[in-house]
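> Would you mind keeping the following structure in view while I ask a few things?
Residue numbers (my numbering), protein chains in the order written: chain X, 793 to 1130; chain D, 59 to 353.
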C-alpha cells in the first residue's frame, strides 16, 4: 500500500513537472512573447529590448526554463501585470469563491445524481428510467452559459428572487465586515453570526451553483446507472435476494458499496469538469473567483496571472485525484493488504 | 425459368433489406431522431445563402430588438440583424468547427496511439506519459490556456481544442492496437516479411478504427459546445464571424429584456449537440456491441 502511494506521489510530481513545462512552452515559445504582450500595441524595439531584459527573456532558453522552474517551486508566480500585486496574493483572494462554488456544486451533484442513477438502474426500462436517461442525454447538450442566461431571465428578470452578480451585497460587506476566516462566505457569515449577510451569500450562490450542478449532473447520473446495472447482474446480489434481505438495503447498501471505487473516480473527474465549467459560470455571474479572474487576465494579456491561475487550478485537480486514489484504501479493505 | 428465379431473389433481397432497415429504425429510434435533426441542421448550413430571409450582417437600427414575429422568426438583435438568418449561417461555423477540431484531434492522436501501442516499451511509456500530462489539466482549462498564449480567435481556439483533445484518441488507439496486435493475422503478416510501417497502416490501423469513429462522433458535439463556450467568454470567434456562442455573448447586454437574442442561438447549440450525441450513442450501440449491453 505504501509502495502504491509512493508511486502515485512520484507520478503526480512528474505530471506537475510536465504541466509546468507545457505552461512554460506556451508562454515563451509561441509567437506572442510576454514582452510584446506586456507593452501592448506597436512598442518600439528599444522598449521590447528593455522589457525582455527585465523579464530575463534575453537569456538562453534553457537558463530561462531553469529560472522559471526555480521560481515556481519557491511559490513565486510573479506579479500581475494589471494590478501589480503578486499573483499568489490575487489567487489567495479569489480561491475561496471558487472552492465554495465548486464544492457546493459537487455535493449537490452527488446527492442528486447518485440516487437518480440508482433509481434508473433498479427500475430498468421503466418510465422513470427512460425519463431520467432522456433528461441526462439532453442535460449534457446544454451549454452552461445558456443555462445560466435562462436561469437569470427566469429568477432575476421574471421573478426577481435571486441576484445575478457577485457573491454578496457589497453594501453588506461594508456595513457588517465579518471576519473572513475560511474565505467561504457561507461559513464565515455563520461563524460571525451575521444572519443577514448569510442570507445574502446564500441568495447569491444559488443560481451559479444550480447552473454548475445541472450541467454536470447528467454525466454523474449516467455513469452511476451504468455501474449499478453491472453490479446488479452479479451473483452476490442474487444471493442477497435469495436470503430475503430487504431490497432497499440491497440496492443502497450492498450494490452501491460495490460501485464505490469507480464512483470515487467519477467524482474526481467531475471535480475537473466543475473547475472547467466554473470558468464560464463565474464569467456569466461576475463571480469573483479564479475562473472569472482567468478570463479577464487572458483578455488583458496578463500572462503571469494566467499562468499562476492555470497552474493553481490544475494543481487542485491533481490533488483531488490523489485524494481520490488514497480514498480507495479507505473504501476497499482488500487493497490495504496488497 | 431462370429469369423468374433471379427476380424472386431480387425481390427477396429487397424485402430483406427493407425488413432490416425497418428493424434498425425501430431499435434505434433515438439514433434516427438525431440523424433527422442533424440532416436538417446540415441542410440549413449548406443552404443558408439561399434560405436565409435576410442578410445576416445587414445592420438596420430602425429594426433593432424586434421580438420574434412572422417577419423575423427569431426576432432581431441590437443592430437590427435578423437572428434567424444569423442562426442559419452560424450552423456553418459550428459544424465546420466541430468537424475540423475532431478531425484534427484524431489526426494528431491516432498516429501517436498507433506507434505507442505497436512498438510498446520505452516509446510507449514516453508517449503515454506525455499524453497523461495533457489529461492532467481540468477539461476546458487547457484549451483556455493555449488560447491565452496564442491570442484569442476562432482558428487559435480550434487549434487549442484539437491539441487538448488528442490524448483521448492516442489512448483509445493504443488500446485498440494492443488488442489487434495479438491477432494471428498480424503474426502471419510479420512471418511473411511485411515491414512494421506497412503492418501498422495496412493491418493494424483499419482494424482499430471502430472505437475511434465512435469516440469521434461523441466528441463532435462536445467540441462544438467547447468552441461555443470559448467564443462566449471572448476567446474564440470574433466579429464579423457569425458564431452561436458569440451571438449569445453579444446578447449579454440586453438579454434580460430581450430573451430571444440569447436563447435562439443557445437553442441552436443545444439542438445540434443533442442531435450529434444521439447519433454518437446509436453508432456506439451498433459498432461496439460490447458497450451496448450495459447502456
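Heads up, the beta-carbon is just placed ideally off N, CA and C, and yes, glycines get one too.
(1) Does residue 321 of chain D come within less than 9 Å of chain X when only Cβ atoms are used?
(2) If residue 874 of chain X sits next to residue 1117 of chain X, beta carbons under 8 Å apart, how far is it from one beta carbon to the other, in whole angstroms?
(3) Can you tell me whether DSSP reads residue 1128 of chain X as helix, strand or coil?
(4) Pick helix, strand or coil for residue 134 of chain D, following the three-state DSSP scheme.
(5) Rounded to whole angstroms, what is the Cα-Cα separation between residue 164 of chain D and residue 224 of chain D?
(6) Are the C-beta atoms of residue 107 of chain D and some chain X residue less than 9 Å apart?
(7) At the 9 Å Cβ level, is residue 1065 of chain X part of the contact set with chain D, yes or no?
(8) Could you list the residues in the segment 852 to 875 of chain X with a C-beta less than 8 Å from some C-beta on chain D, going in chain order?
(9) Between the Cα of residue 188 of chain D and the Cα atoms of D:222, D:327, D:331, which residue gives the shortest distance?
(10) Taking any Cβ of chain D, which residues in the segment 982 to 1005 of chain X have a Cβ under 8 Å from it, in chain order?
(11) Buried or exposed: residue 98 of chain D, going by 16 or more other Cβ atoms within 10 Å of its Cβ?
(12) Does residue 1063 of chain X pass the burial test, meaning 16 or more other C-beta atoms within 10 Å, or should it be called exposed?
(13) Rounded to the nearest angstrom, what separates residue 307 of chain D and residue 936 of chain X at their Cα positions?
(14) With a threshold of 9 Å between beta-carbons, can residue 936 of chain X be considered close to chain D, or not?
(15) When the Cα of residue 1009 of chain X is compared with those of X:1096, X:1111, X:932, X:1101, which residue comes out closest?
(16) Closest by CA to residue 111 of chain D, which one among D:202, D:298, D:133?
(17) With DSSP run on the structure shown, which of helix, strand or coil describes residue 269 of chain D?
(18) Looking at the C-beta of residue 815 of chain X, does it have a partner C-beta in chain D at a distance below 9 Å?
(19) Grouping DSSP H, G and I as helix and E and B as strand, with all else coil, what is residue 1080 of chain X?
(20) Pick from X:1002, X:1045, X:1066, X:1110: whose alpha carbon is nearest that of residue 807 of chain X?
(21) At a CB distance below 8 Å, what residues from the segment 933 to 959 of chain X approach chain D? Give them in sequence order.
(22) Shorter than 9 Å from the beta carbon of residue 818 of chain X to some beta carbon of chain D?
(23) Applying the 10 Å Cβ sphere with the 16-neighbour rule, what's the burial state of residue 793 of chain X?
(24) Please decide whether residue 335 of chain D counts as near chain X, where near means a Cβ-Cβ distance under 9 Å.
(25) Who are the Cβ neighbours of residue 940 of chain X in its own chain at under 7 Å, not counting the five residues just before and after it?
(26) Go ahead and pull the three-state DSSP assignment for residue 297 of chain D.
(27) With a threshold of 9 Å between beta carbons, is residue 123 of chain D in contact with chain X?
(28) Could you pull out every residue in the same chain whose Cβ sits closer than 8 Å to the Cβ of residue 1103 of chain X, ignoring the five residues on either side in sequence?
(29) For residue 1048 of chain X, count the other beta carbons within 10 Å of its own beta carbon; 16 or more makes it buried, fewer makes it exposed. Which is it?
(30) Check whether the Cβ of residue 801 of chain X lies closer than 9 Å to any Cβ atom in chain D.
(31) Using the C-alpha atoms, what's the distance from residue 977 of chain X back to residue 1081 of chain X?
(32) Which residues, taken in chain order from the segment 1095 to 1107 of chain X, show a beta carbon closer than 7 Å to some beta carbon of chain D?
(33) With three or more beta-carbon pairs closer than 8 Å as the criterion, would you say the segment 1008 to 1026 of chain X touches the segment 968 to 977 of chain X?
(34) So with CB distances below 9 Å, who are the chain D contacts of residue 1109 of chain X?
(35) Out of curiosity, what's the CA-to-CA distance linking residue 179 of chain D and residue 920 of chain X?
(36) Could you tell me which of X:918, X:994, X:912, X:946 sits nearest to residue 316 of chain D, measuring between CA atoms?
Looking at the atomic coordinates:
(1) yes
(2) The Cβ separation is near 37 Å, so there is no contact.
(3) helix
(4) strand
(5) 6 Å
(6) no
(7) yes
(8) none
(9) D:222
(10) none
(11) exposed
(12) buried
(13) 13 Å
(14) yes
(15) X:932
(16) D:133
(17) helix
(18) yes
(19) coil
(20) X:1110
(21) 933, 934, 935, 936, 937, 938, 941, 942, 944, 945, 948, 949
(22) yes
(23) exposed
(24) yes
(25) 1003, 1073, 1076, 1077
(26) coil
(27) no
(28) 811, 812, 815, 864, 869
(29) buried
(30) no
(31) 12 Å
(32) 1098, 1102, 1105, 1106
(33) no
(34) 194, 195, 196, 199
(35) 49 Å
(36) X:946
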